[in-house]
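I have placed the structure first, in the form of structure tokens, so that the comments after it can refer back to it.
Residue numbers (our numbering): 1 to 355.
Have a look at this one:
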């Protein structure tokens, strides 16, 4: 039996598709795109240069600022993943940041207009679109931030690919011309294994995919922060990816969840949005119990791990919204490989959950 999960697989069409973000510079990962951006600014970083990050954020955002010598200040989120604008405003007045980051968490559209209004035009705003797809309606928003980050493998079956768009134009320097094959080879092997798992239903291939992805992630985390270019194999697969089908399938599956989930103990967090999402986000009160229930039904959702929490020990009470979100969120599977019947199977499992 195939588990219903979020694992991406290789999908190739016979035709060549458009680049999802022609203006962007493409790197091996969003982490490396951010490193390149920070290194393109004046160095060394002046003492006291401050960035505002959400208190629930990935290591791929946190680590580049830390390694490049920035002072990191966290702002709280609501339990739904939106910025706590009152907290953000107090921090902005007190710290006078140079940069702030807004994550469109889970691929849900967040309020960039109010974010900009609270911080003012003097703050350089980076929008993180890593959990959605860089379609035209994302890339050309005149009310958006100053820079936009994208991560193609979050939604598509690609070994690597992080995009960076600067609204003012220009491109940071790619320090190495190609992707290191230690990382990309492991990621490509993981994609092949996941594809075989989907085609054959053999559990070994699924566990092999998980193991290879884990090893690749450790390589990415331990690297010196070199900004490498997106690999040739990813560019090849991207040119032959049916992007319209990917977007349409993600939107259709989200709509099935949106209309089908009736369980009062499971709260949707998608805001009825029109962006393709990395998964369908819900809140539950007892996440371990909910995950156990879904596992029995053959459903493997996505949960962002402890690598998303950098709040200093003992300070969780200062960020109540982000702390609650960290412990209660679940992303139900959304993936182009899944059928409508697969999604309805998840909906039935969620609706049967006793709470």
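Backbone N, C-alpha and C define an ideal beta-carbon position, used for all residues, glycine too.
- With respect to residue 110, residue 83 sits close: the two C-beta atoms are nearer than 8 Å.
- Only residues of its own chain outside the window of five on either side were considered, and among them 237, 240 and 241 have a CB closer than 8 Å to the CB of residue 12, listed in chain order.
- Restricting attention to 274, 230 and 313, the CA atom closest to the CA of residue 248 is found in 274.
- Residue 255 and residue 132 have their C-alpha atoms roughly 16 Å apart.
- Residue burial annotation: residue 120 is exposed, with fewer than 16 other C-beta atoms found within 10 angstroms of its C-beta.
- Under the three-state reduction of DSSP output, residue 100 falls in the strand class.
- Of the candidates 97, 78 and 335, the residue whose Cα lies closest to the Cα of residue 246 is 335.
- In the three-state scheme derived from DSSP, where H, G and I count as helix and E and B as strand, residue 153 is classed as helix.
- The C-alpha of residue 342 is placed about 13 Å away from the C-alpha of residue 250.
- Under the 10 Å beta carbon count, residue 222 is surrounded by fewer than 16 other beta carbons and is classified as exposed.
- Note that the segment 84-94 does not touch the segment 274-287; fewer than 3 beta-carbon pairs, one per stretch, sit closer than 8 Å.
- Here the alpha carbon of residue 197 sits roughly 42 Å from the alpha carbon of residue 315.
- The secondary-structure analysis by DSSP pairs residue 83 across a beta bridge with 77.
- Assignment of residue 326 by DSSP, reduced to helix, strand and coil, places it in the helix class.
- Closest in C-alpha terms to residue 262, from the list 352, 206, 184 and 228, comes 352.
- Between residue 148 and the set 92, 159 and 165, the nearest pair of CA atoms involves 165.
- Annotation: residue 150 to residue 216 spans about 19 Å, alpha carbon to alpha carbon.
- The three-state reading of DSSP puts residue 167 in coil, since its state is none of H, G, I, E or B.
- One Cα belongs to residue 311, the other to residue 184, and the distance between them is close to 31 Å.
- Beyond the five residues adjoining it in sequence on each side, residue 157 comes within less than 6 Å, by CB distance, of 8, 9, 10, 11 and 191 in the same chain, given in chain order.
- Between residue 53 and residue 61, the CB-CB gap stays under 8 Å.
- Residue 162 sits close to residue 29, with the two beta carbons spaced by under 8 Å.
- In this structure, the beta-carbon distance from residue 233 to residue 4 does not fall below 8 Å.
- In this structure residue 303 does not touch residue 283 by the C-beta definition: roughly 12 Å separates them, more than the 8 Å allowed.
- Non-local beta-carbon contacts of residue 77 in its own chain, meaning distances under 7 Å to residues more than five positions away in sequence, involve 54, 55, 56, 83, 84, 321, 322 and 325 in chain order.
- DSSP places residue 127 in the uninterrupted beta strand (DSSP E) bounded by 124-128.
- The bridge partners DSSP lists for residue 280 are 332.
- Distance from the Cα of residue 348 is smallest, within the candidate group 319, 328 and 296, for 296.
- In this structure, the straight-line span from the alpha carbon of residue 95 to that of residue 123 is close to 12 Å.
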